[in-house]
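**Q** Got a structure for you, questions after.
Below is the structure:
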């Protein structure tokens, strides 16, 4: 088994599964019908990307674990998603801002990963980049409209910026796994995407009349499986069916 | 946002394939044209229905009054000669 590749795939897959699950919580609760379809659409894209990554990770591991077992059959400390993905949704402004941050980052990430030396990663990236492009566009437009909207929407968007700011630095943290992946030209080095990401965020924030985020203070731990208190509650719901009825299908 | 009265209504037209024209498929609420276009994509093209989307503010559509139906459309009822159905078509032309 290629251990760093397996670890890198699991991290990426966990980001997408956990954020996709969070976003799916809006299904039936969105502020308007149009957004009630738009958000689950994005959630399904993310979960689709997670599936491709888990199933490839299972092949790499070659220990008989399939996508379902990897997605539903691990303990909390085995999940290695970014902390920002597991945070509770908050209000619509906070949900949209997080989604915009993530989509902006993943768009840069997938665009570079399209040229991966690993053919499977390149194929997943080629599909994901189209989806991320739309997510970034849709969520970016909401950030602009809420940030430069009514008095209340502006306040809520500013509050969302404040809440999410300490979770942004983790996007760009690299460790041995990440360095090995970028040395082998399998996945991009997140650190190298920081400038382009910040420029993209700032472009939207100028229109949204929001202040650029400060990345100096950053919570860490997601990549090591040290989660916020929200994670256990999320997994309780996410894993319920497979825990109660192992190997069930429908 | 709860008060959809304040959010304009848009009519959505989708072109399903090359060579076909855009067809009206429904309406939606959105604050402006960009959001209307995105909402149209999200609401009406989830199953691969479209190659192109138009959105038009419903308020911009000038519609005929249902009460004017007789004066608008009644007069064409008895002008069957406007249908090109009086020509003899050779059999080998087949179905037209």
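Chains as they are written, first to last, in this note's numbering: chain S, 1 to 250; chain U, 251 to 346. Using N, Cα and C, we set each Cβ at its ideal position, and we do this for glycine too. No experiment lies behind these values; they were computed from the predicted model shown.
1. So is residue 89 of chain S in contact with chain U if we call contact Cβ pairs under 9 Å?
2. For residue 244 of chain S, verify whether its CB is less than 8 Å away from any heavy atom of the ligand ADP.
3. Give the range of the alpha helix (DSSP H) segment to which residue 104 of chain S is assigned.
4. In terms of alpha-carbon separation, which member of S:7, S:12, S:240 and S:165 lies closest to residue 124 of chain S?
5. Measure the C-alpha to C-alpha separation of residue 316 of chain U and residue 264 of chain U and round it to an integer number of angstroms.
6. Tell me whether residue 245 of chain S sits in a helix, a strand or coil according to DSSP, three-state version.
7. Among S:130, S:141, S:93 and S:247, which has the Cα closest to the Cα of residue 161 of chain S?
8. For residue 270 of chain U, count the other beta carbons within 10 Å of its own beta carbon; 16 or more makes it buried, fewer makes it exposed. Which is it?
9. Assuming residue 82 of chain S and residue 170 of chain S make a contact with CB atoms under 8 Å, what is their CB distance in whole Å?
10. May I ask you to report which of helix, strand or coil DSSP gives residue 27 of chain S?
11. Closer than 9 Å by beta-carbon distance: list the chain S residues that pair up with residue 288 of chain U, in chain order.
12. Indicate whether residue 262 of chain U and residue 312 of chain U have their beta-carbon atoms separated by less than 9 Å.
13. Pairs of beta-carbons, one from the stretch 132-139 of chain S and one from the stretch 168-184 of chain S, closer than 8 Å: are there three or more?
14. So for residue 251 of chain U, helix, strand or coil by DSSP?
15. Could you pull out every unbroken alpha helix (DSSP H) segment of at least 4 residues lying fully inside the stretch 255-288 of chain U, listed in chain order?
16. What number of angstroms, rounded off, separates the C-alpha of residue 51 of chain S from the C-alpha of residue 159 of chain S?
17. Where residue 76 of chain S and residue 181 of chain S are concerned, what is the direct C-alpha to C-alpha distance, given to the nearest angstrom?
18. Give the residues of chain S in contact with residue 296 of chain U, contact being defined as C-beta atoms less than 8 Å apart.
19. At which residues does the alpha helix (DSSP H) containing residue 250 of chain S begin and terminate?
20. Put residue 84 of chain S into one of helix, strand or coil per three-state DSSP.
21. Is DSSP giving residue 121 of chain S helix, strand or coil here?
22. For residue 139 of chain S, count the other beta carbons within 10 Å of its own beta carbon; 16 or more makes it buried, fewer makes it exposed. Which is it?
23. Once DSSP output is grouped into helix, strand and coil, what is the label at residue 47 of chain S?
24. Please look up how many angstroms separate the CB atoms of residue 242 of chain S and residue 45 of chain S, rounded, as I've assumed it's under 8 Å.
25. Is residue 105 of chain S buried or exposed, if buried means 16 or more other CB atoms sit within 10 Å of its CB?
26. For the putative contact between residue 101 of chain S and residue 14 of chain S, defined by C-beta atoms under 8 Å, what is the C-beta separation to the nearest angstrom?
27. Sorted by chain position, which residues of the same chain lie with C-beta nearer than 8 Å to residue 274 of chain U's C-beta, five sequence neighbours on each side aside?
28. Please decide whether residue 284 of chain U counts as near chain S, where near means a Cβ-Cβ distance under 9 Å.
29. Only counting the same chain, and skipping five residues up and downstream in sequence, which positions put a Cβ closer than 7 Å to that of residue 4 of chain S?
30. List the residues of chain S whose Cβ lies closer than 7 Å to the Cβ of residue 280 of chain U, in chain order.
**A** In terms of the structure at hand:
1. no
2. The ligand ADP is not part of the structure shown, which contains no ligands of any sort.
3. 92-113
4. S:12
5. 26 Å
6. coil
7. S:93
8. exposed
9. Contact holds; Cβ gap of about 5 Å.
10. coil
11. Identification of chain S residues near residue 288 of chain U by a Cβ-Cβ cut-off of 9 Å yields 34, 38, 134, 137, 138 and 141, ordered along the chain.
12. no
13. no
14. Below a pLDDT of 50, predicted positions are generally treated as unreliable, and residue 251 of chain U, at 46, falls in that range; the measurement from the model is reported next regardless. If DSSP states are grouped into helix, strand and coil, residue 251 of chain U belongs with coil.
15. Within the stretch 255-288 of chain U, no complete alpha helix (DSSP H) segment of 4 residues or longer occurs.
16. 33 Å
17. 24 Å
18. 37 and 41
19. Counting along the chain, residue 250 of chain S falls outside any alpha helix (DSSP H), and DSSP gives it neither H nor E.
20. Note: residue 84 of chain S maps to helix in three-state DSSP.
21. helix
22. buried
23. helix
24. Not really, about 22 Å apart at Cβ, beyond 8 Å.
25. buried
26. Not a contact, Cβ separation roughly 17 Å.
27. 261, 262 and 263
28. yes
29. 177, 180 and 181
30. 34
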